[in-house]
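Chemist: There's a structure below that I have some questions on.
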Amino acid sequence: MGVGANIWDKVVAGGVADLRRCHRREVAAETEHTGSARGWVLHRYDPTAPQSGPPVLLVPPLGAPDFAYDLRRGGSLVEHLLDRGRPVYLVDYGPLSFGHRALGVEHWVDEVVPQVTRRIGEPVHLVGWSLGGLFCLLALAAAERLGEPLPVRSVTAIASPVDIAAVPLVAPLRPVAQLAGGRAVSAIYRAVGSLPAPVVSGVFHLTAVDRLVTKPLAVLSRLGDKDTLAHMEAVDYLMNHMHGYPGRAFGQLFHLLLRANDLATGRLEIGGRTVDLADVRVPVLVVAGLDDVIAPLGAVRGVVPLLTGAPQVRFESAPGGHLGVLTGRRARTTTWPILDDFLGRT
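Take the sequence shown: its position 334, counted from the start at 1, is 334 in the UniProt record's numbering, and no numbers get skipped.
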């Protein structure tokens, strides 16, 4: 009966995944850099249990939609945190287009993360996935160096690669990028204005090419497992709704991270000054996915010895790929309890 119901839902009803998002409301917005379009929007999620403790602020990466944190009912980090009584906020940048081409990494490090953090009105736990985790760490370090520390209790960086030389996926590209000096890439992103969303989506699909090849067999072999089918559906939905990168930000990431691998030293030139991760002064949790090809274990763990100013640096690994370690089916019993424990102690 379960197989029949799943087939009906998948073929006739449009899918088995419950993609309804947790209810939230806008509490602040910034329009300065985008004219009529909002530069960022701060959301607060409605509580589902009595709330206590400091709030959690979720910081998305570029490229991925913010619902990566709220992937599906039963597979949502937002839902998990709310059920445990945590006040939860999320900053949303929205889709970035040609009109945002001049935005660089410093926009998120010097403006978005500090503005949103201060707008909440009390010290927060920052949680960032992928590039979002790097934004959090760099923003804290930059603010500390300026003598304007942010009201932050802790930072959690999930699947955030620091040492790009430890990413086998891009290792063959680095010598080419260094040899060419990045001139061809610079010319392309300046002409186009962005790394378009279809390209970002295509790259994510390529990193999961083995899953794509075996997907039909996986679906057939799990027709009776609604949870697995729902997760696969939700991941496909996310990968088909990726956002583009602003041209300048993409150029900086290419030159500073891919070509030069500067962040592996703990220092990054942003906005005409040096930001040093050693200036982070709050407890940090670092989580790496054991099956992550975009941010493998070594690339993520590389940040640990760089955080010399943090009073505590905790490194954990958990099963899952780049998205799976954040919100996969196994994250419910691995990554999320690790995060709960860390937040409870800090």
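A virtual CB, placed ideally from N, CA and C, is assigned to each residue, including glycine.
Just grab the DSSP bridge partners of residue 270 for me.
Modeler: According to DSSP, which records beta bridges pairwise, residue 270 is partnered with 273.
Chemist: To the nearest angstrom, how far is it from the Cα of residue 139 to the Cα of residue 264?
Modeler: 17 Å
Chemist: Along the chain, where does the alpha helix (DSSP H) that runs through residue 233 open and close?
Modeler: 226-239
Chemist: Going by DSSP, what residue range makes up the beta strand (DSSP E) through residue 92?
Modeler: 88-92
Chemist: Which residue marks the beginning of the beta strand (DSSP E) containing residue 158, and which one marks its end?
Modeler: 152-158
Chemist: Can you grab the Cα-Cα spacing for the pair residue 211 / residue 236, in whole Å?
Modeler: For residue 211, the pLDDT reaches just 49, beneath the cut-off of 50, and the residue's location in the model is therefore unreliable, although a value from the coordinates is still provided. Roughly 11 Å between the two C-alpha positions.
Chemist: What residues in its chain sit with their C-beta under 6 Å from that of residue 144, if we drop five residues either side in the sequence?
Modeler: 279 and 281
Chemist: To the nearest angstrom, how far is the alpha carbon of residue 288 from that of residue 15?
Modeler: Each residue's CA atom was taken as its position, placing residue 288 and residue 15 some 30 Å apart.
Chemist: Within the chosen definition, does the stretch 286-300 reach the stretch 111-121 through at least 3 CB pairs nearer than 8 Å?
Modeler: No contact exists between the stretch 286-300 and the stretch 111-121.
Chemist: Would you mind reading off the limits of the beta strand (DSSP E) that contains residue 128?
Modeler: 124-129
Chemist: Could you compute how far the alpha carbon of residue 82 sits from the alpha carbon of residue 344?
Modeler: 14 Å
Chemist: Check for me: the beta strand (DSSP E) holding residue 289 runs from which residue to which?
Modeler: 284-289
Chemist: Short check: CB of residue 31 to CB of residue 39, under 9 Å?
Modeler: yes
Chemist: Would a C-beta distance cut-off of 9 Å place residue 68 and residue 333 closer than the cut-off?
Modeler: no
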